[in-house]
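A quick write-up on the structure given underneath.
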Amino acid sequence: MKHQNILIVVMIAIIAVSAGAVLYDVHARNASAATSTSKKTTTASKTSTASQSKTDSSTQTKPAANQKTVVLDPGHSAVMPSGSEPVGPGASETKAKDMVGTKGVATGVTEYDFMLNLANKLKPELEKRGYKVVLTRTDSNSAHSCVERAQVANDNNADAFIRLHANAAESSTPTGAMTINITAHNPYTASTYSQCRKLSDCLIKAYCTATGAKSEGVVERDDLTGNNWAKVPTTLIEVGYMTNPTEDKLMQTDAYQAKMVQGIANGIDQFFAN
Ligand SMILES: [Zn+2]
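Each residue of the sequence shown is one higher than the one before, starting from 1 at the first, in UniProt numbering.
What follows is the structure, encoded as structure tokens:
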């Protein structure tokens, strides 16, 4: 009996020590994550990161890194949702839930494939720079309305919502890039105007610097459902004209796409830098 009691005491001691080790390990991991790697975590939600840092504040010398969330919205899809939706919260005016988008006049590449490809290249670059990245769609076989796309940004409390599109014109002449922003008098989400405008400014400037694309500047309008439903800093970038054969072909080269990725990522960095 006595031996059994000793055994039980020893076992309890072992369990207590290993439990302590596990707790210690968790804190150690969090502490080191806070200083170097937590920005790279892609799975943890913003809320859990926040509550974790609150729990650990007593054991940390530094607060948890303030990881920013970037939601990327690759425009369009091969599958269209049917019907229409209000252009903004409470709006009586409606628009088609999504449109098929444009297509390269020389390459035949669809805008939806191109934008998904671009988002897939941007994601690892942004993660490398410390952002949490969420995509509104990860394939082209599902339908996504513009309201739903904005909802992804809202649900993730995005610090920046970047809508990726390529432009089309009646004529094959126009080239260059623009960002599309809400106006200061937007009836649905005007309170985000200054942050949206800052994001639009940073993005178009950095993008054109990195790619050498002609800048068409920031265009302000209030008829884009995805911009109007977003409650977070939002911009839509038209990366170039797929209706211009030269720009279309250029945009499908790996070398130019690498510049596009750098330009957009630099613009996001600059938005958060000051
Ligand atoms: Zn588009």
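Quick reminder that beta carbons are idealized off the backbone N, C-alpha and C, glycines included.
Check: From this set, S191, A255, L164, V87, which residue's C-alpha is nearest Y112's C-alpha?
Finding: L164
Next item on the list: Return helix, strand or coil for V152, following the three-state DSSP convention.
Entry: helix
Next item on the list: Measuring from each Cβ to the nearest heavy atom of ligand 1, keep the ones under 5 Å and list them in chain order.
Entry: G75, G101, H165
Next item on the list: Work out the CA separation of Q257 and M251 for me, nearest whole Å.
Entry: 6 Å
Note to self: For the beta strand (DSSP E) containing G104, name the first residue and the last one.
What the structure shows: Premise fails: G104 is in no beta strand (DSSP E) and is neither H nor E.
Check: In this structure, does DSSP put V261 in helix, strand or coil?
Finding: helix
Margin query: Whole angstroms are fine: how far does the CA of D139 sit from the CA of T110?
Written below: 13 Å
Next item on the list: Check whether the Cβ atoms of V219 and V152 sit closer than 8 Å, and answer yes or no.
Entry: no
Next item on the list: Identify whether P89 lies in helix, strand or coil by the three-state DSSP scheme.
Entry: coil
Check: Just checking my contact of K231 with N154 at CB under 8 Å: how many whole Å lie between their CB atoms?
Finding: 5 Å
Checklist line | Continuous alpha helix (DSSP H) stretch holding A160: start and end | finding: Premise fails: A160 lies in the beta strand (DSSP E), 160-167, not in any alpha helix (DSSP H).
Notebook entry, point to check: Who are the Cβ neighbours of V134 in its own chain at under 6 Å, not counting the five residues just before and after it?
Noted result: V71, N156
Next item on the list: Per DSSP, which residues does T179 bridge with? Please list them.
Entry: V218, I237
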